[in-house]
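**Q** Submitted below is the structure of interest, expressed as structure tokens.
Residue numbers (my numbering): 135 to 470.
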């Protein structure tokens, strides 16, 4: 059996080009006792993957050169050797990597039920993006019912869930997104109270208009100038949740905030969050998120593209803004 995989062959400088990876095809190795083989159906594409290519110190070791590109995945167990954590026929999600087939002993994988939710939701709303949104807004942001919440990257996988959770809890939510289509999506479909189109209007003026009394929580997915503008409008005891900085990931020199004195004046806090720190509480989040989905209170959109050979072009959609919701790479037709 042959396995196609995207291998990291060099560290990128700036925006990764096609020479960062190489598509290889090799025989699937024989399983060792306790291992199982997963046929991946969908691969999760997330902004964090850009950081995993860097050799600098981070919250997780970088992907090694000549190794399969790290990514979340969801697929079906098609073979097992000996006593394994999962059985043939089980659907599982975990760190399968950007490849057609993954071998695992079960560490980092969990069983999913395609009858309860589409497989793509297990790498989206019920996967890392959903966990990030849930713990970011509730645990780090310490959300309260009367908060005014500003979310950047609001039409993305994480931001769209953050805003909906905040609305469920009674907050006023304003989203920042690029273009009329995305702004209409978060207000008309997801129920945000307002939207700021950073591509066609001043973010500063937009925040001033939509948040005249200031903001209690800024959930940051982009960094850069938008973060700096948000800091101007912090209320007393406001919280900034640093989830990502997609505007800076491909820059050689990161642009930091200039308005940080607002933290002092307003007794505000700014805290980074990494979803892996909450692994021991994932089941709590999945339970709540799944309930909200079933009740129709939480919506999601997956932007799905075909073919492992198209990984690079699809991955770059994360940084061009040419996508809506969760970006997913389909590896196999799900006809099981």
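Ideal Cβ positions, reconstructed from N, Cα and C, are used throughout, including at glycine.
Do residue 159 and residue 137 have their C-beta atoms within less than 8 Å of each other?
**A** yes
**Q** Put residue 194 into one of helix, strand or coil per three-state DSSP.
**A** DSSP, reduced to helix, strand and coil, places residue 194 outside both helices and strands of the structure shown, so it counts as coil.
**Q** Can you tell me whether residue 372 is helix, strand or coil according to DSSP?
**A** In this structure, residue 372 counts as strand in the three-state DSSP scheme.
**Q** Distance check for residue 418 and residue 310, CA to CA, integer angstroms please.
**A** 28 Å
**Q** Just the Cα atoms here: how many angstroms apart are residue 456 and residue 396?
**A** The alpha-carbon of residue 456 is positioned some 33 Å away from that of residue 396.
**Q** Under 8 Å, with one C-beta from each stretch per pair, do the stretch 162-173 and the stretch 182-197 reach the 3-pair mark?
**A** no
**Q** Determine the closest residue to residue 362 out of 394, 465 and 235, with distance taken between C-alpha atoms.
**A** 394
**Q** Out of curiosity, what's the CA-to-CA distance linking residue 227 and residue 245?
**A** 6 Å
**Q** At what residues does the alpha helix (DSSP H) containing residue 298 begin and finish?
**A** 291-302
**Q** Hey, residue 372 and residue 341 are a contact pair by Cβ (cut 8 Å); roughly how many whole angstroms apart?
**A** Contact flag wrong, Cβ pair sits at about 13 Å.
**Q** Can you say whether residue 370 is buried or exposed, counting buried as having 16 or more other CB atoms within 10 angstroms of its CB?
**A** That one is exposed.
**Q** Counting only runs that start and end within the stretch 138-218, where is the alpha helix (DSSP H) found for 4 or more residues in a row?
**A** 182-185
**Q** On the DSSP bridge assignment, give the partners of residue 461 in chain order.
**A** 179 and 437
**Q** Give the C-beta separation of residue 231 and residue 262 to the nearest angstrom, bearing in mind that I take them to be a contact with Cβ-Cβ under 8 Å.
**A** Rounded, the Cβ-Cβ distance is 14 Å, inconsistent with contact.
**Q** Rounded to whole angstroms, what is the Cα-Cα separation between residue 140 and residue 449?
**A** 12 Å
**Q** Could you tell me whether the stretch 289-296 touches the stretch 205-212, where touching means 3 or more Cβ pairs closer than 8 Å?
**A** These segments do not touch.
**Q** Pick from 378, 399 and 382: whose alpha carbon is nearest that of residue 365?
**A** Comparing alpha carbon positions, the residue from 378, 399 and 382 closest to residue 365 is 399.
**Q** Have a look at residue 135 and residue 335 and give me their C-alpha separation to the nearest angstrom.
**A** 53 Å
**Q** Taking the C-alpha atoms as reference points, what is the distance between residue 224 and residue 319?
**A** Roughly 35 Å separates the two Cα atoms.
**Q** Assuming the contact rule is C-beta atoms closer than 8 Å, residue 153 and residue 183 should be a hit. Round their C-beta distance to whole Å, please.
**A** Rounded, the Cβ-Cβ distance is 17 Å, inconsistent with contact.
**Q** Cβ atoms of residue 331 and residue 313: under 8 Å apart, would you say?
**A** yes
**Q** Can you find the residues in the same chain that come closer than 7 Å, C-beta to C-beta, to residue 221, ignoring five residues on each side of it along the sequence?
**A** 211 and 214
**Q** Please report the straight-line C-alpha distance between residue 432 and residue 321, rounded to a whole angstrom.
**A** 14 Å
**Q** What residues in its chain sit with their C-beta under 6 Å from that of residue 301, if we drop five residues either side in the sequence?
**A** Once the five neighbours on either side are set aside, the close Cβ partners of residue 301 are 307 and 325.
**Q** Please name the residue, chosen from 375, 344, 392 and 287, that lies closest to residue 316 on a Cα-to-Cα basis.
**A** 287
**Q** Can you tell me where the beta strand (DSSP E) holding residue 306 begins and where it ends?
**A** DSSP places residue 306 inside the beta strand (DSSP E), whose first and last residues are 306-311.
**Q** Three-state secondary structure (DSSP) at residue 450?
**A** coil
**Q** Return helix, strand or coil for residue 235, following the three-state DSSP convention.
**A** strand
**Q** Pull up the distance between the alpha-carbon of residue 265 and that of residue 379, whole angstroms please.
**A** 18 Å
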